[in-house]
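Residue numbers (the working numbering), protein chains in the order written: chain A, 5 to 225; chain B, 3 to 344.
For glycine and all other residues, C-beta sits at the position ideal for the given N, C-alpha and C.
Accompanying notes for the structure given below.
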């Protein structure tokens, strides 16, 4: 169960701090999702349910989002206002995609076809964890050091590149199983792999947006 | 006032001169940077800017007004009401053509070109003056030279000021918070530079004050009336910004919300330096030409691509302004002469 934050606590935070707090929550949620998938591979359905229910719980995020929106609307920030709002909405999209994936995964309890499939899922999960942690770091660098934010995003893109091949290998494996292609297991695993791909792709796109911001604001370097 | 044709036309000229002051305010876009950066509330910014332009026009425009209204004329030559009327009709017509073509033409170039055309026709057909003596060619040459030099120096000053700002401040900024904080401090400097620029925009509004100086110099109005009309012009330039300029300014400002105050600061500082020097030298120059070249200077520093086609088109119109306004005004005055109105 998540602990709420008081309105007064949030009021004291700056726009930057609210963004960081929001990113931390979304990262935590993504890590819970990854952990939940690991539990699924271990067929620990109780822990799987617990983790994914954590992911779909959004009250704390909504509270921060509302505070952020009201603060940025009134803020005296000049030229960066729209960019900061966009950064926040891109973080929110990570949360939305994760939540969507978690809701779909909770529809059924799948049993994986073999150990290789489980291992490959774990491998792409590790990459997803790396890019989730790195995007959190990159978001925090936007305010303090755009060069570091840019470099961290480059690392995300490298990791994503390697991840994509593994995802297609996994899909190829799935499509070549001797299995009914309308079976729940097939459809579930397909949705799972594609969901992870969608989440990773969004993080990659977000990192490209951060690089765009770095280029835009560091024009005089 | 005796309401004969001369009296009626003098009143018409006064109304046109005051309308010109209103239109100077209505077309002044200088405040857009300030509002785009969110430095002042919209109405308050309009009032502050309007007051600055009005102040410049009332207290600092005499030198430039005298150049257009008297010094540019040859020895012993004075404006008649019909000459001034031809000048105003021609410069307004050419400005309308420029607006329809979407080119920011200079009302200063247009006015001085019209004066040239009218005086040549006057010397050829009416005044019995040798065209070589109809104008103070030395003064005219200085004015025309300043039209080439002012944009060039605007570009150079912007280029170097921006380079210095980048080297010592902007290049050292690392994160968005630091950039935002520095730019927030600059907005106060931007406020000062914009208001400073507005003062010199008002002070260099030769086309408006020059008409009244011409009327005063030709004896159509007294010196007291001249100052009263200049004050009225100052009030009308304020009203022009406040009531009509707000639409252009709001439109431009909404496109400038991403602009950094540091860029606006350099642009406005450079253009106001040029306008101030020109005003002290009593040279009427074009603010829009200076600001366009200042923007070019800024783009050069940032290695931004310059739309050479658009600049070329603009330059052609700029070069054409003087001769076309001269021909147009000359023709109008020629028809006045044919009708016995001189």
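8 Å Cβ cut-off: residues of chain B touching residue i
{"i": "residue 228/A", "result": "Any answer about residue 228/A is impossible in this case: the structure gives chain A only from 5 up to 225."}
{"i": "residue 28/A", "result": "Neighbours of residue 28/A on chain B: none; closest Cβ ~18 Å, over 8 Å."}
Chain D within 9 Å of residue i, Cβ atoms only
{"i": "residue 286/B", "result": "Protein chains A and B are contained in the structure displayed, whereas chain D is not."}
Rounded distance between the beta-carbons of residue j and residue i, thought under 8 Å
{"i": "residue 72/A", "j": "residue 23/A", "result": "7 Å"}
{"i": "residue 287/B", "j": "residue 148/B", "result": "5 Å"}
{"i": "residue 221/A", "j": "residue 94/A", "result": "Contact flag wrong, Cβ pair sits at about 16 Å."}
{"i": "residue 76/A", "j": "residue 34/A", "result": "Not really, about 24 Å apart at Cβ, beyond 8 Å."}
{"i": "residue 128/B", "j": "residue 339/B", "result": "5 Å"}
{"i": "residue 1/B", "j": "residue 242/B", "result": "Past the boundaries of the shown model lies residue 1/B; chain B is included only from 3 to 344, so the question cannot be answered."}
{"i": "residue 289/B", "j": "residue 206/B", "result": "7 Å"}
{"i": "residue 274/B", "j": "residue 80/B", "result": "Between residue 80/B and residue 274/B the Cβ distance is about 34 Å, and since that is not below 8 Å, they are no contact."}
{"i": "residue 2/A", "j": "residue 45/A", "result": "Outside the shown range of chain A (5 to 225) lies residue 2/A, about which nothing can therefore be said."}
{"i": "residue 12/B", "j": "residue 222/B", "result": "5 Å"}
{"i": "residue 246/B", "j": "residue 28/B", "result": "4 Å"}
{"i": "residue 70/A", "j": "residue 79/A", "result": "At roughly 15 Å, the Cβ-Cβ gap does not stay under 8 Å, so residue 70/A and residue 79/A are not in contact."}
{"i": "residue 2/B", "j": "residue 204/B", "result": "With chain B running from 3 to 344 in the structure shown, residue 2/B is simply not present."}
Cutoff 9 Å: residue i Cβ touching any chain A Cβ
{"i": "residue 179/B", "result": "yes"}
{"i": "residue 3/B", "result": "Only weak support is given to the placement of residue 3/B: the predicted model assigns it a pLDDT of 46, under 50, and the question is left unresolved by the model."}
{"i": "residue 325/B", "result": "no"}
{"i": "residue 182/B", "result": "yes"}
{"i": "residue 263/B", "result": "yes"}
{"i": "residue 299/B", "result": "no"}
{"i": "residue 334/B", "result": "no"}
CB contact below 9 Å: residue i versus chain B
{"i": "residue 148/A", "result": "yes"}
{"i": "residue 217/A", "result": "yes"}
{"i": "residue 139/A", "result": "no"}
{"i": "residue 181/A", "result": "no"}
{"i": "residue 210/A", "result": "no"}
{"i": "residue 104/A", "result": "no"}
{"i": "residue 145/A", "result": "yes"}
{"i": "residue 25/A", "result": "no"}
Within chain A, the residues that residue i reaches when beta carbons sit closer than 8 Å
{"i": "residue 260/B", "result": "83, 86"}
{"i": "residue 140/B", "result": "What residue 140/B touches in chain A: nothing, since even the nearest Cβ is about 44 Å away."}
Listed by chain order, chain B residues near residue i by CB distance under 7 Å
{"i": "residue 224/A", "result": "168, 172, 173"}
{"i": "residue 20/A", "result": "179"}
Check whether residue i and residue j have beta carbons under 9 Å apart
{"i": "residue 30/A", "j": "residue 102/A", "result": "yes"}
{"i": "residue 366/B", "j": "residue 208/B", "result": "Summary: the structure shown does not reach residue 366/B, with chain B confined to residues 3 through 344, and so no result is reported for it."}
{"i": "residue 178/A", "j": "residue 38/A", "result": "no"}
{"i": "residue 14/B", "j": "residue 97/B", "result": "no"}
{"i": "residue 272/B", "j": "residue 94/B", "result": "no"}
{"i": "residue 172/A", "j": "residue 183/A", "result": "no"}
{"i": "residue 217/A", "j": "residue 110/A", "result": "no"}
{"i": "residue 163/A", "j": "residue 200/A", "result": "no"}
{"i": "residue 118/B", "j": "residue 344/B", "result": "no"}
{"i": "residue 192/B", "j": "residue 50/B", "result": "no"}
{"i": "residue 139/A", "j": "residue 207/A", "result": "yes"}
{"i": "residue 2/A", "j": "residue 121/A", "result": "The displayed coordinates of chain A run from 5 to 225. Any statement about residue 2/A would go beyond what the structure contains."}
{"i": "residue 107/B", "j": "residue 251/B", "result": "no"}
{"i": "residue 74/B", "j": "residue 142/B", "result": "yes"}
{"i": "residue 313/B", "j": "residue 201/B", "result": "no"}
{"i": "residue 23/B", "j": "residue 234/B", "result": "yes"}
{"i": "residue 92/B", "j": "residue 120/B", "result": "yes"}
{"i": "residue 265/B", "j": "residue 154/B", "result": "no"}
Beta-carbon neighbours of residue i, restricted to chain A and to distances below 9 Å
{"i": "residue 304/B", "result": "223, 224"}
{"i": "residue 307/B", "result": "Under the 9 Å cutoff, chain A gives no residues; its nearest Cβ is about 14 Å from residue 307/B."}
Contacts that residue i makes with chain A (C-beta to C-beta distance below 7 Å)
{"i": "residue 209/B", "result": "Here the premise fails: no neighbours, minimum Cβ distance about 35 Å."}
Requested in this report: With 8 Å as the C-beta to C-beta threshold (strictly closer), list the residues of the segment 29 to 41 of chain B near chain A in chain order.
Outcome: Cβ contacts with chain A come from 39, 40.
Query raised in the report: For the segment 73 to 100 of chain A, which residues have a beta carbon sitting closer than 9 Å to at least one beta carbon of chain B?
Result: If you check each beta-carbon in the segment 73 to 100 of chain A against every beta-carbon of chain B, the ones closer than 9 Å belong to 80, 81, 82, 83, 84, 85, 86, 87, 88.
Query raised in the report: Which residues, taken in chain order from the segment 155 to 177 of chain A, show a beta carbon closer than 9 Å to some beta carbon of chain B?
Result: Listed in chain order, the positions of the segment 155 to 177 of chain A with a beta carbon within less than 9 Å of a beta carbon of chain B would be empty, since no residue qualifies.
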